[in-house]
Each structure stands twice: as structure tokens, then as C-alpha cells.
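Please read the structure below before turning to the comments.
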Amino acid sequence: MILDILSWVCLVAGGLFGLIGGLGLLRLPDFYARMHGAGITDTCGAWLVLLGLMLQAGLGLVTVKLVMIGLLLALTSPTATHALAKSAWTHGRKPLIPEEEGSSNI
Amino acid sequence: MFVVVTAAIILTMALALTRAALGPTVFDRILAINMFGTKTVLLIAVLGFLTGRPDFLDLGLLYVLLNFIGVIAVLRLFTYRHFGETSET
């Protein structure tokens, strides 16, 4: 019963984080800011949904597969994001910095 | 309750596809497609639990690898204009 409640809390929170990250991906003004929105869904959303499914499945092969999916996501998603950011930086995309705050334009 | 999470994930995928269609630069599109792939993995996992057959998780594992290799390959192609093979000249 407690496991059920915990699992539903994790699943709903994961879906909510996914929605927030999707809205951020759509609404934020800059490429690097949009990367922040996508990072929310890749970390918080994915891990909370997987954790909720693990609590729902109990001990067994299904949980092992879910842990494998989570580990693969934790390995590959930051690597892909890093490669994407480095490629964008190499191609000359500069972050959007307000003029009155940062005098040194990077 | 699985239906709620499935709907949230599908809505997020729709938002990511909108950004991929709108995106001003190619990096925005790649970022949106990368996020779309991650959401596909989650959708496969949740749909397996929704239909009571959590056997689709192997497909989720495969999709994680495909997504990663696809993003790296597209970035390489965009940067170097080829996939890394030796030139024929």
C-alpha cells in the first residue's frame, strides 16, 4: 500500500517534470537555455518515471531491466548533450546574455 | 493511473516535435529529437506496464542505444560532412 502510494507519487512527479521540461524546450529564448529544459526531462523526469515503475514491479527481472535502462540513460544522455553543446559552441553559437549584467561578453 | 503518465509523456513528445519543427538552427532540432528519443523509451516502458505485459523493456534498451548513436552520427555528419570514412581522393 505504501509502495503503491510512493510509486504513484514518483510516476506523477516524473510526468509533471516531463511536461515542465517540454514547456521549457518550447518557450525558452536561447539554444543553451533550451538545453536546460531538455536536461530536466532527461534526468528528473526519466529517473522518477523509472523509479515509479521499479516500485510497481517489485524485485525481479523487470526491475533489473529498468535499472539497465536507467544506467544507459545516465551514461548516454549527458554524453550526447555535451557533444551537442560543444558542437554548437564550435559552430559559433553564443549564449544570450543581457547587456546590462555581463560587461565581459564571452 | 498509468494512463495519466502516458498522456503526459505523449504531450511532452508533441512539445518536443513542435520545437523540432520550429527550431531556428539545426542544434535546436537535434536537441528536440534527442529528447523525443528519451521520451520514446519512457513511453515504451510505461505502455508495457499499462497493457500488463512488461516484456517491451528490451525494446527500450535498444532505443536508448539507437538514440545515442543517432545523435552522435548526425553531429559528426553536420560537423565533418562525412561519417569518418577515408576520403577517396
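These protein sequences, in sequence, are chains F and G. So in our numbering, spot 14 of the first sequence is number 14, and the numbers just go up one at a time. Numbering-wise, our numbering comes out as the position in the second sequence, counting from 1, plus 1000. Note that CB positions come from ideal geometry on N, CA and C, so glycine has one too.
- Under the 8 Å criterion on CB atoms, F/Lys65 is classed as interfacial with respect to chain G.
- The beta-carbon of F/Gly58 is placed no less than 8 Å from the nearest beta-carbon of chain G.
- Of all residues in the region 1030 to 1051 of chain G, the ones placed with a Cβ closer than 8 Å to any Cβ belonging to chain F are Ile1030, Leu1031, Ala1032, Asn1034, Met1035, Thr1038, Lys1039, Val1041, Leu1042, Ala1045, Val1046, Phe1049, in chain order.
- Annotation for G/Arg1081: no alpha helix (DSSP H) segment contains it, and DSSP assigns it neither H nor E.
- Pairing G/Ala1016 with G/Lys1039 gives a Cβ-Cβ distance under 8 Å.
- Apart from sequence neighbours up to five positions away, no residue of its chain approaches F/Gly22 with a beta-carbon distance below 6 Å.
- F/Val49 has a beta carbon lying within less than 8 Å of a beta carbon in chain G.
- Within chain G, the residues whose beta carbon sits less than 7 Å from that of F/Ala88 are Phe1027, listed in sequence order.
- G/Ile1069 and G/Val1046 have their C-alpha atoms roughly 23 Å apart.
- With contacts defined as CB atoms closer than 8 Å, F/Arg27 and G/Leu1031 fail to qualify as a contacting pair.
- For G/Leu1077, the nearest beta carbon of chain F is not closer than 8 Å to its own beta carbon.
- Taking each of F/Leu51, F/Thr81, F/Asp30, F/Gly39 in turn and checking the Cα distance to F/Val67, the smallest one comes out for F/Leu51.
- Shown here, F/His91 sits in coil according to DSSP, grouped into three states, outside any helix or strand.
- Close to G/Val1071, with beta-carbon spacing below 8 Å, are these residues of chain F in chain order: Ala80, Ala83, Leu84.
- A Cβ-Cβ contact shorter than 8 Å links F/Ala38 with G/Met1035.
- Counting the other CB atoms within 10 Å of its CB gives F/Phe17 a total of 16 or more, which places it among the buried residues.
- With a 10 Å radius around the Cβ and a threshold of 16 neighbouring Cβ atoms, G/Pro1054 comes out buried.
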